[in-house]
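Encoded as structure tokens, the structure appears first; notes follow it.
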Amino acid sequence: MSFAKNDTAESLRETAGGILEQYRSHFATQRGKLLAIEHEAVFTLVPNAVPLKARLDLVSAEQNNLVVTDLKTSKCRWSENKTQESLTQLVIYSFAVAGMARELGLRRIIPRFVILTKGKKPAIQVVEPRATQDDVIRLKEFVSETHDAICKQVFVRRESWACGQCPYAKRCLRTT
Ligand code: SF4
């Protein structure tokens, strides 16, 4: 077994304990009503494009609001830039729970990231980024353009860490 520099089995055990403690303390203070965990939603974002499927970590009701929480782990606290980079995911999630919010009579959807940091002193960071109308328009354009490209059989490889678990990797990357 190998460890990263400065890590030992004991130090990792301590970090894991610290992270779990932060997680437990944070959720012990939450007063909302839990509605769903690992909730799967299929919804149409753009007419004429295929539906999207989202799996949401946590959905809860807080007063008149529906809160959709995505849990993250990170080496350090998220910066403003990192939050902005990840905003699209929460915009998608907000659309995914729009029907649920309507059915439950909850007026506002609050997207939330809960970030557990894995440093020497694990901590929890809660961010509720606000999406603008431009963010929504950009996302819809992206989905629409991607769908059009697929229909025209235009395929541009986008190699990343995801290729490692991709079921299409053999054909896409021409690996044997
Ligand atoms: S292997 Fe999969 S994830 Fe990687 S570029 Fe091809 S389709 Fe995308």
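Numbering-wise (my numbering), the sequence shown opens with residue 212 and increments by one.
We put the CB at the ideal spot given by N, CA and C, even for glycine.
Note that the coordinates shown come from a computational prediction; the quantities given were computed from them, not determined experimentally.
Opening and closing residue of the beta strand (DSSP E) in which residue i lies
i      : result
Lys264 : 263-273
Ser213 : From DSSP, Ser213 is part of no beta strand (DSSP E); its letter is neither H nor E.
Arg319 : 319-328
Phe254 : 244-254
With 16 other Cβ atoms within 10 Å as the buried cut-off, status of residue i
i      : result
Pro322 : buried
Thr280 : buried
Val337 : exposed
Leu282 : exposed
Thr284 : exposed
Ala360 : exposed
Pro200 : The chain is shown from 212 up to 387; residue 200 falls before or after that span and cannot be answered.
CB-CB length for residue i against residue j, believed under 8 Å
i      : j      : result
Leu245 : Ser271 : 5 Å
Val354 : Leu256 : 5 Å
Phe254 : Phe306 : 6 Å
Terminal residues of the alpha helix (DSSP H) in which residue i lies
i      : result
Arg349 : 344-362
Ala227 : 220-239
Ala334 : From DSSP, Ala334 is part of no alpha helix (DSSP H) but of the beta strand (DSSP E) over 334-338.
Ordered list of alpha helix (DSSP H) runs contained in the region 273-311, each at least 4 residues | 291-307
Residues near the ligand SF4, CB to any non-hydrogen atom under 6 Å, in chain order?
-> Arg368, Arg369, Glu370, Ala373, Cys374, Cys377, Tyr379, Ala380, Cys383, Leu384
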